[in-house]
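K.L.:
Chains as they are written, first to last, in the working numbering: chain A, 13 to 344; chain B, 13 to 344.
Every residue, glycine too, gets a C-beta built ideally from N, C-alpha and C.
There's a structure below that I have some questions on.
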């Protein structure tokens with residue numbers, strides 16, 4: 013029995029590619045007193061990993077060269093000398109890209125209790141993606157029945173959840189995504205009322221057509237040109253959630269864009285930044301709602317599952333090239 | 013008895029200057045059935061008058077050439093055949109730049125009941141300026157005790173009220189104004205804890221020094237470079253009120269500026285446009301609070317009073333060159 017690991021072998025500048033990683037095998041560790049051993053079944057691949065791999069100031073120190081890549085994962089406790097955790101418990105946490113992780117509990121985000129649902133959901137719709145979609149829409153956007161909701165990266169793991177939850181809340185939903193396949197997915201799989209291909213269409217004109225009375229809620233994952241286009245179509249009292257800025261690669265010095273001041277003024281609109289961790293004490297509420305909709309079949313999840321540990325090496329790059337369709341997961 | 017009027021004689025492009033106006037005299041009109049005659053004592057001079065004088069789409073049609081300039085004013089009812097209004101009532105409304113106005117009541121904003129306070133206050137601190145300051149600060153900025161509040165155009169009629177109300181609410185107040193005289197006025201007259209001269213200082217650095225823990229509330233009347241500088245100093249959870257955009261002269265096409273998305277995201281900040289008319293049903297509440305503070309001597313008002321009707325002709329220009337110190341009023 014060995015512990016396969018995907019280690020960060022070279023320091024990337026920008027997006028980590030397969031060439032920055034190497035496979036390693038070590039002995040499976042034994043948990044000491046106050047520790048447990050977790051056997052991971054699924055690893056997560058998240059945009060934040062770019063920042064963790066780079067040698068730049070961040071909210072966490074850079075991943076050391078030679079160490080397993082830092083990542084969220086879900087797995088089963090296979091041995092425990094840690095109070096509160098028993099063999100067979102399913103846990104989700106920051107266990108890294110490896111088969112087995114020893115933990116004193118500090119890496120654990122939570123015990124996964126929705127064992128009737130696919131376990132990998134703990135990394136997406138029941139994890140930070142779902143929390144982000146839920147609170148960004150209900151709190152930051154304050155979405156109400158009858159609102160017209162526009163979502164960028166609408167076929168992505170967060171955006172697709174935002175669109176579906178918006179629909180469940182009674183909104184008219186308009187998704188923006190790149191390419192005909194993702195637009196189809198928005199319409200057929202995630203039930204958007206309209207979908208716009210930003211690679212092929214004039215986004216401002218298309219939003220104007222899809223939202224003739226203006227945009228009440230805009231859930232933005234992009235910043236950049238897509239955001240600029242949507243901002244020209246605000247309804248009075250619009251609420252904009254700034255959740256991510258995927259279209260902007262460099263923030264220092266600040267990139268220029270059209271000033272939003274007058275758009276916000278004329279529409280009496282509000283633009284608010286969302287960091288989902290601020291809602292940590294309400295995750296349970298969101299998870300209960302999301303799990304309910306998943307069980308009812310009213311919320312659909314698209315996962316892009318890579319097989320085997322080697323596939324993880326090129327996975328972060330896939331996120332940034334848009335090659336994934338759905339939440340990117342590595343099944344170990 | 014004649015009715016002196018300041019009429020719009022030529023159509024301005026941009027800021028109306030003295031040369032666009034002419035004096036006229038007509039007979040004092042007689043109120044018909046359902047009308048009253050108001051004798052104006054004070055005329056208001058407001059930035060919005062630029063838009064009213066220009067031949068451009070606006071929320072009101074352009075002032076016709078040859079007509080008295082549209083303006084707010086306050087005066088006394090001297091004859092009434094209109095139910096609800098009696099001789100001696102003091103009324104504030106859109107009566108135009110003239111000695112006497114006939115009104116069927118539709119021009120009236122309200123009866124002025126704070127007759128113990130200077131009547132001209134109805135055009136400023138107890139009018140839209142005060143309403144804007146009060147709701148922008150308490151609602152849009154949601155100012156709380158202990159907040160650090162930054163105000164641009166801090167020596168102006170709105171900004172000086174925002175700073176003083178902020179102080180009364182328990183905020184630490186930082187004013188931004190142009191020139192040493194206005195900075196002195198901010199400190200000595202309006203009680204700001206700190207004041208910054210944007211013409212002489214590096215605004216970002218000065219805000220950083222005056223607000224070392226970051227800016228919780230920013231009441232912005234400028235947009236442009238001052239706003240860009242303050243945005244680099246946001247505290248977590250900051251609230252920005254976009255009240256005016258005095259620093260930007262042309263919005264079509266949209267002028268470029270540093271993107272605010274990441275600043276809003278990292279600070280979980282919120283930027284909201286304020287149109288004071290949205291609070292019309294709560295003006296009474298604001299007016300009661302403001303009048304109370306005025307009577308207590310806890311709220312100071314600086315008026316810049318021009319004498320006689322001729323002085324009105326160059327008054328709008330003064331607003332845009334910053335030549336006025338305090339709320340600009342014409343005493344008829």
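Within the chosen definition, does the segment 242-259 of chain A reach the segment 160-167 of chain A through at least 3 CB pairs nearer than 8 Å?
P.N.:
The segment 242-259 of chain A vs the segment 160-167 of chain A: in contact.
K.L.:
Measure from the alpha carbon of residue 284 of chain B to the alpha carbon of each residue in B:295, B:324, B:235, then state which is nearest.
P.N.:
Looking at the Cα atoms, B:235 is the closest of the given residues.
K.L.:
So is residue 270 of chain B buried or exposed if we call it buried at 16+ other beta carbons inside 10 Å?
P.N.:
Buried, because 16 or more other Cβ atoms sit within 10 Å of the Cβ of residue 270 of chain B.
K.L.:
DSSP on residue 229 of chain B, reduced to helix/strand/coil?
P.N.:
If DSSP states are grouped into helix, strand and coil, residue 229 of chain B belongs with the strands.
K.L.:
Excluding the 5 residues preceding and the 5 following residue 24 of chain A in the sequence, name in chain order all residues of the same chain whose CB lies nearer than 7 Å to its CB.
P.N.:
Correct list, in chain order: 32, 65, 66.
K.L.:
How far does the beta strand (DSSP E) with residue 246 of chain B in it reach, from first residue to last?
P.N.:
From DSSP, the beta strand (DSSP E) with residue 246 of chain B extends over 246-254.
K.L.:
Determine contact between the segment 257-276 of chain A and the segment 189-208 of chain A, defined as no fewer than three beta-carbon pairs at a distance below 8 Å.
P.N.:
The segment 257-276 of chain A, when compared against the segment 189-208 of chain A, does not touch it at the 8 Å Cβ threshold.
K.L.:
Taking beta-carbon pairs under 9 Å, can you tell me which members of the segment 275-296 of chain A lie near chain B?
P.N.:
Taking 9 Å as the Cβ-Cβ cut-off against chain B, the residues of the segment 275-296 of chain A that qualify are 275, 276, 277, 278, 279, 280, 281, 282, 283, 284, 285, 286, 287, 290.
K.L.:
For chain A, is any of its Cβ atoms less than 8 Å away from the one on residue 272 of chain B?
P.N.:
Output row for residue 272 of chain B: interface = yes.
K.L.:
Classify residue 291 of chain B as helix, strand or coil using the three-state DSSP reduction.
P.N.:
Residue 291 of chain B: helix per DSSP, three-state reduction.
K.L.:
Beta carbons nearer than 7 Å to chain A: which residues of the segment 182-194 of chain B have them?
P.N.:
So the list is empty, because no residue satisfies the distance condition.
K.L.:
Going by the CB atoms, is the gap between residue 89 of chain A and residue 98 of chain A shorter than 8 Å?
P.N.:
Contact flag set, yes.
K.L.:
What is the rounded straight-line gap between the Cα of residue 222 of chain B and the Cα of residue 273 of chain A?
P.N.:
So the alpha carbons of these two residues sit roughly 24 Å apart.
K.L.:
Excluding the 5 residues flanking residue 136 of chain B on each side, which residues of the same chain have their C-beta closer than 6 Å to its C-beta?
P.N.:
So the list reads 169, 339, once near-sequence residues are dropped.
K.L.:
Nearest CA to the CA of residue 120 of chain B: which residue from B:335, B:276, B:105?
P.N.:
Taking only the C-alpha atoms, the option nearest residue 120 of chain B is B:105.
K.L.:
Using the rule of at least 16 other Cβ atoms within 10 Å of the residue's Cβ for burial, across every protein chain shown, is residue 133 of chain A buried or exposed?
P.N.:
The residue is buried, with at least 16 neighbouring Cβ atoms inside 10 Å.
K.L.:
Using a Cβ-Cβ cutoff of less than 6 Å, which residues in the same chain neighbour residue 116 of chain B once the five nearest sequence positions on both sides are dropped?
P.N.:
Once the five neighbours on either side are set aside, the close Cβ partners of residue 116 of chain B are 46, 47.
K.L.:
Is the segment 178-197 of chain B touching the segment 253-261 of chain B in the sense that three or more CB pairs, one from each, lie closer than 8 Å?
P.N.:
Cβ pair count under 8 Å is below three, so no.
K.L.:
Taking the alpha-carbon of residue 312 of chain A as reference, which of A:96, A:215, A:93, A:173 has the nearest alpha-carbon?
P.N.:
Residue A:173 is the option with its Cα nearest to residue 312 of chain A.
K.L.:
Can you find a C-beta in chain A that's less than 8 Å from the C-beta of residue 267 of chain B?
P.N.:
Yes - at least one Cβ of chain A is within 8 Å of the one on residue 267 of chain B.
K.L.:
Does the beta carbon of residue 257 of chain B sit closer than 8 Å to a beta carbon anywhere in chain A?
P.N.:
Interface residue, yes.
K.L.:
If distances are taken between C-alpha atoms only, which option among A:204, A:153, A:129 comes closest to residue 166 of chain A?
P.N.:
Considering only alpha carbons, the answer is A:204.
K.L.:
Residue 81 of chain B: buried (16+ other C-beta within 10 angstroms of its C-beta) or exposed?
P.N.:
It is buried - the Cβ of residue 81 of chain B has at least 16 other Cβ atoms within 10 Å.
K.L.:
Does residue 132 of chain B have its Cβ less than 8 Å from a Cβ in chain A?
P.N.:
Answer no: the Cβ-Cβ gap between residue 132 of chain B and chain A never drops below 8 Å.
K.L.:
Quick test of the definition: if touching needs 3 or more C-beta pairs under 8 Å, does the segment 50-63 of chain A touch the segment 26-41 of chain A?
P.N.:
Contact between the segment 50-63 of chain A and the segment 26-41 of chain A is present, because at least three Cβ pairs lie under 8 Å.
K.L.:
Suppose the cutoff is 8 Å on Cβ atoms and the five residues either side in sequence are ignored; what does the same chain contact list for residue 349 of chain A look like?
P.N.:
The structure shown has nothing for residue 349 of chain A, since chain A only spans 13 to 344.
K.L.:
Under DSSP, the beta strand (DSSP E) around residue 124 of chain B begins and ends at which residues?
P.N.:
Counting along the chain, residue 124 of chain B falls outside any beta strand (DSSP E), and DSSP gives it neither H nor E.
K.L.:
Under three-state DSSP, which class holds residue 46 of chain A?
P.N.:
Coil, per DSSP.
K.L.:
What first and last residue would you give for the beta strand (DSSP E) that runs through residue 163 of chain B?
P.N.:
160-164 is the span of the beta strand (DSSP E), which, as asked, contains residue 163 of chain B.
K.L.:
Kindly indicate which three-state DSSP category residue 270 of chain A falls into: helix, strand or coil?
P.N.:
Three-state result, residue 270 of chain A: strand.
K.L.:
Would the beta-carbon of residue 15 of chain A fall within 8 Å of that of residue 37 of chain A?
P.N.:
For residue 15 of chain A and residue 37 of chain A, yes; Cβs fall inside 8 Å.
K.L.:
Please identify the residue among A:50, A:213, A:78 whose C-alpha is closest to the C-alpha of residue 114 of chain A.
P.N.:
Among A:50, A:213, A:78, the Cα nearest to that of residue 114 of chain A is on A:50.
K.L.:
Going by other Cβ atoms of all chains shown within 10 Å of its Cβ, with 16 needed for buried, is residue 243 of chain B buried or exposed?
P.N.:
By the neighbour-count rule (16 or more Cβ atoms within 10 Å), residue 243 of chain B is buried.
K.L.:
Kindly indicate which residue of A:138, A:55, A:52, A:53 has the alpha-carbon position closest to the one of residue 307 of chain A.
P.N.:
The candidate whose alpha carbon is nearest that of residue 307 of chain A is A:138.
K.L.:
Tell me which same chain residues have a C-beta within less than 7 Å of the C-beta of residue 13 of chain A, skipping the five on either side of it?
P.N.:
So the qualifying residues of the chain are 40.
K.L.:
Can you check which of these residues, B:293, B:118, B:325, is closest to residue 20 of chain B by C-alpha distance?
P.N.:
For residue 20 of chain B, the nearest C-alpha among the options comes from B:325.
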